[in-house]
Amino acid sequence: MPSPSAEDLQPIGIKDIYVKVSSQEGSYSPYTHAFTAGPLNQETFQQVAERKGLHVVEMPPSRHFLPEKIASPIGTGLKTEDELLSIDVLNLDDGEGRYPLRKPKVCVYLCLQPAPFYANRRKQPFRNHKRVMHTACLRTARCRVGRVTLAARYSELALAGVEPLSTSIDLSHVVPKKE
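Counting in my numbering, the sequence shown runs from 1 upward without gaps.
Laid out in structure tokens, this is it:
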């Protein structure tokens with residue numbers, strides 16, 4: 001028997017493939033193994049029928065999902081109903097034309113009360129804030145009297161040299177104007 005030439009030994013199957021992998025792990029060897037070993041271990045319908053001992057059927061939508069026999073076991077006999085495993089039985093119960101009952105998600109009793117509703121409403125302007133300053137000086141600066149006293153205190157600190165002088169406002173009483 002002559003040895004096969006290089007032209008006779010050509011790969012059959014997947015020759016060019018592009019796969020986009022979205023995985024947290026950097027190991028691509030399982031994917032490569034699946035694409036190379038998968039077609040080698042693939043069975044025909046006849047082999048599946050022989051191994052399972054059952055008919056292999058197809059339910060295409062063109063036949064309104066009625067079963068169509070594709071392969072039957074030849075060498076082995078068919079299994080009886082007593083020999084069938086629970087995994088081999090196909091559940092075709094469609095609910096007899098009724099839709100399954102899907103109940104809405106039940107809300108917790110407290111979320112329907114007015115107090116949590118108003119509390120969430122009060123917190124809404126401050127949601128997603130990374131920092132909320134709750135210092136006493138900012139609380140007092142909200143009213144007019146508080147702003148005046150706070151400005152006077154900052155002015156005294158600036159004149160004493162504790163705080164730096166601001167150059168963006170009129171400081172004619174501190175620094176004389178050039179005429």
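All residues carry an ideal CB built from backbone N, CA and C; glycine is no exception.
- Contact check between the stretch 98-108 and the stretch 64-81: fewer than three CB pairs, one atom from each, fall below 8 Å, which does not count as touching.
- For residue 68, the closest of 55, 85 and 117 by C-alpha to C-alpha distance is 55.
- In terms of Cβ geometry, residue 79 and residue 52 form a close pair [threshold 9 Å].
- Counting only runs that start and end inside the stretch 62-93, the beta strand (DSSP E) elements of at least 3 residues fall at 68-71.
- Here residue 152 is exposed, its C-beta having fewer than 16 other C-beta atoms within 10 Å.
- With fewer than 16 other Cβ atoms inside 10 Å of its own Cβ, residue 160 counts as exposed.
- No residue range can be given for residue 162, since it is assigned to no alpha helix (DSSP H) and is classified by DSSP as neither H nor E.
- Residue environment: residue 49 is assigned as buried (16 or more neighbouring CB atoms within 10 Å of its CB, all protein chains considered).
- Distance from residue 70 to residue 58 at the Cβ level is roughly 5 Å; contact confirmed, criterion being Cβ atoms closer than 8 Å.
- Assignment of residue 50 by DSSP, reduced to helix, strand and coil, places it in the helix class.
- For the pair residue 85 and residue 123, the Cα-to-Cα distance works out to about 59 Å.
- In the DSSP assignment, residue 43 falls outside any beta strand (DSSP E), carrying neither H nor E.
- Per the coordinates, the alpha-carbon of residue 40 lies some 22 Å from the alpha-carbon of residue 27.
- Under the three-state reduction of DSSP, residue 108 is assigned to coil, being neither helix nor strand.
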